[in-house]
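Engineer:
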Amino acid sequence: MPEQTTFEGLLEAVPDALIGVDPSGAIRFVNHQAELLFGYDRTELVGQPLEILVPESLRTSHVAHRHTYLSAPLARSMGSGLELTGRHRDGTEIPVDISLSHLNTADGLLVIASVRDMTERKRAQEAQLRVERLSAIVEFSGEAIFSSTLDGIITEFNRAAENTFGYTQDEIVGMSRSLLSPKDRADEASGMLATIRTGQPVMGFETIRVRKDGTEFPVSLTVSPIFDRDGTVVGASTITRDVTSQKQAFEAARSMIESSLDSLVAISPEGMITDANDATVKVTGIPREELIGTAFSDCFTEPEKANAIYQLVFEQGMAVDYPLTMRHRDGSLTDVLYNAAVQRDSGGNVLGVYAAARDVTKQRQAGAQYTRSLLEAALDPLVTISPEGMITDVNEATIKATGVPRGELIGTDFSDYFTEPD
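Heads up: the sequence shown is residues 8 to 429, going by my numbering.
1) Quick check: what's the CA-CA separation for Glu427 versus Asp342?
2) May I ask you to report which of helix, strand or coil DSSP gives Arg83?
3) Jot down the residue ranges of each uninterrupted beta strand (DSSP E) in the region 28-63, minimum 3 residues, whole runs only, in chain order.
4) Identify every run of the alpha helix (DSSP H) within the region 183-207, keeping only runs that are complete inside it and at least 4 residues long; order them along the chain.
5) Quick check on the burial criterion: 16 or more other C-beta atoms within 10 angstroms. Buried or exposed for Glu63?
6) Tell me whether Val180 sits in a helix, a strand or coil according to DSSP, three-state version.
7) When you compare the region 311-325 with the region 385-396, are there three or more beta-carbon pairs, one atom per stretch, that lie closer than 8 Å?
8) Looking at the structure shown, is Met8 part of a helix, part of a strand, or coil, going by DSSP?
9) So, at 6 Å on beta carbons, what are the nonlocal neighbours of Thr229 in its own chain, with the 5 sequence-adjacent residues on each side left out?
10) Give me, in chain order, the residues of the same chain whose beta-carbon lies closer than 7 Å to that of Gly173; leave out the 5 immediate sequence neighbours on both sides.
11) Use the C-beta contact count for Ile215: other C-beta atoms within 10 angstroms, 16 or more gives buried, fewer gives exposed.
12) Nearest to Thr332 by CA position, among Glu296, Gly359, Ser353 and Thr287, is which residue?
13) I think Tyr329 touches Leu344, with their Cβ atoms under 8 Å apart; what is that distance to the nearest whole Å?
14) Verify whether the separation of the beta carbon atoms of Pro56 and Gln40 is less than 8 Å.
15) Would the beta-carbon of Ser121 fall within 8 Å of that of Leu25?
16) According to the Cβ coordinates, are Ser148 and Asn170 closer than 8 Å?
17) Would you grab the beta carbon distance between Asp282 and Arg365 for me? Rounded to a whole angstrom, and I think it's under 8 Å.
18) For Met8 and Val28, what's the separation of their Cα atoms in angstroms?
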């Protein structure tokens, strides 16, 4: 029949899935779009209950809704705000929007459902929500964050960035990010953006930035690529951390280290010097640049002993007042007491050792002079003797008693000066 042919042609021309259902809930017809959407051939669907296209968890409630609609059928257009779900033949659930209409035919009432796949729209909505959430996080973040194109044109500038740089968003958006760099560092941005174009981030880049009022300040930058849905890099997101206070704290600590009269060094777990103060430079005669990267033990006359004490620090966590002798480049020696402690990061991981060496040369000289004064003050002959019985020192009373000068006494056998050597 021409009318039947025309009707079927209209069904197939509609871009949405169409399903005709009788009052019992049985499917009477579907178009090709319905076959594509739900994964069934129409011969498999005709005669089946409509609930075959509904997730199992919703089938009971759907039957009730269907009966309610049939009791007073009214047209319902798409976009009514109901979030509905269909079921594909493979069990996949499909977000859908449905419009309903009814048609009185010679065979009775027929409900026609027009079904539209909302998968892509839902994905787009979820993506938009993610973008909005991220935008809110960025906007109210305590860190200065801004975005730019790969050409360096600023596209976003959050409140913390406004506070950090002194520009309002209206002033800075559309301007080049090089505006935030001192003139002598204007080329840094192009170098970082070249890295971003490869899809790789720039982490912890320390440099200088400039505020609207012209003041410069130290920063640490983290620059990350921005990708579109196809994975193509389309821009860069920059987190700017003002490290002025950290730099000031570092400089204060450095000043304290440099003002110390003790030799101070930082040592890696492998025993290599990673930093040294001026006192270390003076006691070794080696510039800081040459000291860094050399073995700590090479600074001492007994490297094996220095290494043994260094290993002891790792075992016990510290070392206190260990005597060593440091060697100057010119060959002169300095007696020191060595103190050290393990350096750890915030997670408790060992980073190396901090060591301090105190020059005790003057103290030892003073001690020797004091001992000498005690020896010379004695009225009795006093001598010091080696384990082999050889004289190592004498006082003035011994010289008088033997009649032999000190220079000749030292190094001779102690027993030679007695009438009964045995």
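C-beta atoms are modelled at their ideal positions from N, C-alpha and C, and glycine is treated no differently.
What you are looking at is a predicted structure, and each value in this text was computed from that prediction instead of being measured.
Structural biologist: For this structure:
1) 42 Å
2) strand
3) 34-37
4) 195-204
5) exposed
6) coil
7) no
8) Note on Met8: pLDDT 48, under 50, position unreliable in the model; the coordinate value appears next. Met8 falls in the coil class under three-state DSSP.
9) Met210 and Ile246
10) Arg218, Lys219 and Asp220
11) exposed
12) Thr287
13) 7 Å
14) no
15) yes
16) no
17) That belief does not hold up - the Cβ atoms of Asp282 and Arg365 are roughly 18 Å apart, past 8 Å.
18) The predicted position of Met8 is uncertain, since its pLDDT is 48 and thus under 50; a value taken from the coordinates is nonetheless stated next. Looking at the two C-alpha atoms, the distance is approximately 22 Å.
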